[in-house]
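Asker: Got a structure here, written out as structure tokens. Questions coming.
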Amino acid sequence: MPLDPSFVGRTYPPTAPYQVGREKIREFASAIGATDPAHHDPEAARALGHTDVVAPPTFPVIVTMAASSQIIEDPALGVDYSRLVHGDQRFAYTRPVVAGDELVCTNTIEDVSTRGGHGFLTTRTDVSTVGGEPVVAVWARYVIRGEA
Amino acid sequence: MELPAQTFQVTRADLVRYAGASGDFNPIHWSDRVATKVGLPGVIAHGMFTMALVGRAVTEWAGSPDAVVEYGVRFTRPVVVPDDDQGTEIEVTARVREVTEDGLTRLEVTATCLGEKVLSQARATIRTAR
């Protein structure tokens, strides 16, 4: 079933706040082998001018992937999750995520199209603090493979 | 200007660990049974794990863990990770495309596994040393 192009431009209500924990940043950094002290030691992070440990660049995907279920699981849009392939990912940072951040995601559907039997979906997630300070904008493009 | 290549080993244990840390438990990243059923040659790395390793290379080149201003990739080919102790390797190189007057450096990044590119349009913008 082709995706409904009338969803382009739709913005979803902000998600519930995600509390960024120091141990979560350490766990994520360790899982990707990122040993820089600023990811693990609050003092090292403060020496760089941050309030607490700094998340690696792709850490925000933890927050945005959970938030994007708002779109991917929207029954009205009709994405078949079993055919979903992650095509592109991009981050534009206002500042790095740090421990103690309380992050809210606002999802927008930037593009919906169907070509060659495959569906394409581009989402933009604006990640900001609960106080409204922008932190990072995150784009993801998904391919929904057509039936062979 | 070419930046020094960096190589990252990826084993099944790394994928399990990344699944736990990231919350991405898609079974194609840990079950050969499920991966082959959907037409893959075997378990593949999370695209976001590859992107995270390349991100490490970028912050390493930048010389600071908080210097990345923009970072994007397209996932073009899966990284197949065999179930042995060696796993596989991802090699990351980059070329400086531009150094702007306002202190930004734009990189064109290449990531390969077994000689094949696994990403395309991989670009990062970093703040030049403060």
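Heads up: the sequence lines are chains P and Z, in that order. Counted the way the numbering used here counts, the first sequence spans residues 1 to 148. Counted the way the numbering used here counts, the second sequence spans residues 1 to 130. Ideal Cβ placement from N, Cα and C applies to all residues, glycine included.
Can you name, in chain order, every residue of its own chain whose Cβ lies under 8 angstroms from the Cβ of G42(Z), other than the five neighbours on each side?
Answerer: D32, A35, T36, V80, V81, P82, D83, listed in sequence order.
Asker: Would you report the Cα separation of V104(P) and Y142(P), rounded to the nearest angstrom?
Answerer: So the alpha carbons of these two residues sit roughly 22 angstroms apart.
Asker: Return the residue from the list F49(Z), G39(Z), L40(Z) that minimises the CA-CA distance to A164(P).
Answerer: Outside the shown range of chain P (1 to 148) lies residue 164(P), about which nothing can therefore be said.
Asker: What do you get for S128(P), buried or exposed, if any count of 16 or more other CB atoms within 10 angstroms of its CB means buried?
Answerer: Classification of S128(P): buried, given that the 10 Å Cβ count is 16 or more.
Asker: Can you tell me whether DSSP reads P57(P) as helix, strand or coil?
Answerer: Coil, per DSSP.
Asker: List, in order along the chain, the chain Z residues whose C-beta lies closer than 9 angstroms to that of Q89(P)?
Answerer: Residues of chain Z passing the Cβ test: G47, M48, M51, Y71, G72, V73, R74, F75.
Asker: Would you tell me roughly how many angstroms separate the C-alpha atoms of T100(P) and A55(P), rounded to the nearest one?
Answerer: It should be noted that the sequence gives Gly, not Thr, for residue 100(P). Each residue's alpha carbon lies about 11 angstroms from the other.
Asker: Which whole-angstrom value is the C-beta distance of F91(P) and V136(P), which I expect to be below 8 angstroms?
Answerer: With 8 angstroms as the limit, F91(P) and V136(P) qualify as a contact, their Cβ atoms being about 6 angstroms apart.
Asker: Of the residues L104(Z), T105(Z), A94(Z), which one's Cα is nearest the Cα of V54(Z)?
Answerer: Among L104(Z), T105(Z), A94(Z), the Cα nearest to that of V54(Z) is on A94(Z).
Asker: Assign Y81(P) to buried or exposed, taking buried as 16 or more other Cβ atoms, counted over all protein chains shown, within 10 Å of its Cβ.
Answerer: Answer is exposed; the Cβ neighbour count stays below 16.
Asker: Since T128(Z) and G103(Z) are thought to touch, with beta carbons under 8 angstroms apart, how far apart are those beta carbons, to the nearest angstrom?
Answerer: Contact flag correct, Cβ pair sits at about 5 angstroms.
Asker: Is there a Cβ of chain Z sitting closer than 8 angstroms to that of G33(P), yes or no?
Answerer: Yes, G33(P) counts as interfacial toward chain Z.
Asker: Report the rounded CA-to-CA distance for R106(Z) versus V61(P), giving the unit in angstroms.
Answerer: Cα to Cα, R106(Z) sits roughly 22 angstroms from V61(P).
Asker: Mind checking if T58(P) is an interface residue toward chain Z, Cβ cutoff 8 angstroms exclusive?
Answerer: Yes, contact with chain Z.
Asker: Taking Cβ-Cβ distances shorter than 8 angstroms, what residues in chain Z pair up with A236(P)?
Answerer: The shown model of chain P, from 1 to 148, leaves out residue 236(P), and the question about it has no answer.
Asker: What residues from chain Z crowd round F28(P), counting only those whose CB sits closer than 9 angstroms?
Answerer: Going along chain Z in sequence order, the residues near F28(P) (Cβ under 9 angstroms) are Y18, A21, S22, A52.
Asker: Spell out a yes or no on whether the segment 37-57 of chain P and the segment 60-70 of chain Z are touching, meaning 3 or more CB-CB pairs, one atom from each, closer than 8 angstroms.
Answerer: As far as the Cβ criterion goes, the segment 37-57 of chain P touches the segment 60-70 of chain Z, which means the pair count is three or higher.
Asker: Could you tell me whether the Cβ atoms of A31(P) and Q89(P) are closer together than 8 angstroms?
Answerer: Taking 8 angstroms as the Cβ cut-off, A31(P) and Q89(P) do not qualify as a contacting pair.
Asker: Please tell me whether I62(P) has its Cβ less than 8 angstroms away from any Cβ of chain Z.
Answerer: Closer than 8 angstroms to some Cβ of chain Z, the Cβ of I62(P) qualifies, so yes.
Asker: Should S68(P) be labelled buried (16 or more other beta-carbon atoms within 10 Å of its own) or exposed?
Answerer: With 16 or more Cβ atoms within 10 Å of its Cβ, S68(P) is classed as buried.
Asker: Apart from the five residues just before and just after A57(Z), which ones in its own chain have a Cβ nearer than 6 angstroms to its Cβ?
Answerer: So the list reads Q6, V92, once near-sequence residues are dropped.
Asker: Would you check if there are 3 or more beta carbon pairs closer than 8 angstroms linking the segment 32-45 of chain P to the segment 69-80 of chain P?
Answerer: Cβ pair count under 8 angstroms is below three, so no.
Asker: Taking only the alpha-carbon atoms, compute the straight-line gap between D4(P) and A45(P) and give it to the nearest angstrom.
Answerer: Those two C-alpha atoms are separated by around 45 angstroms.
Asker: Exposed or buried, which one is F59(P) when buried takes at least 16 other CB atoms within 10 Å?
Answerer: Burial call: buried.
Asker: Just checking my contact of T11(Z) with D36(P) at CB under 8 angstroms: how many whole Å lie between their CB atoms?
Answerer: About 22 angstroms; that fails the 8 angstroms criterion.
Asker: Provide the residue(s) that pair with Q19(P) in DSSP beta bridges, ordered along the chain.
Answerer: The partner list for Q19(P) (beta bridge, DSSP) reads E102(P).
Asker: Spatial neighbours of T110(Z) within its chain, please: CB distance less than 6 angstroms, with the 5 preceding and 5 following residues excluded, ordered by chain position.
Answerer: Correct list, in chain order: T93.
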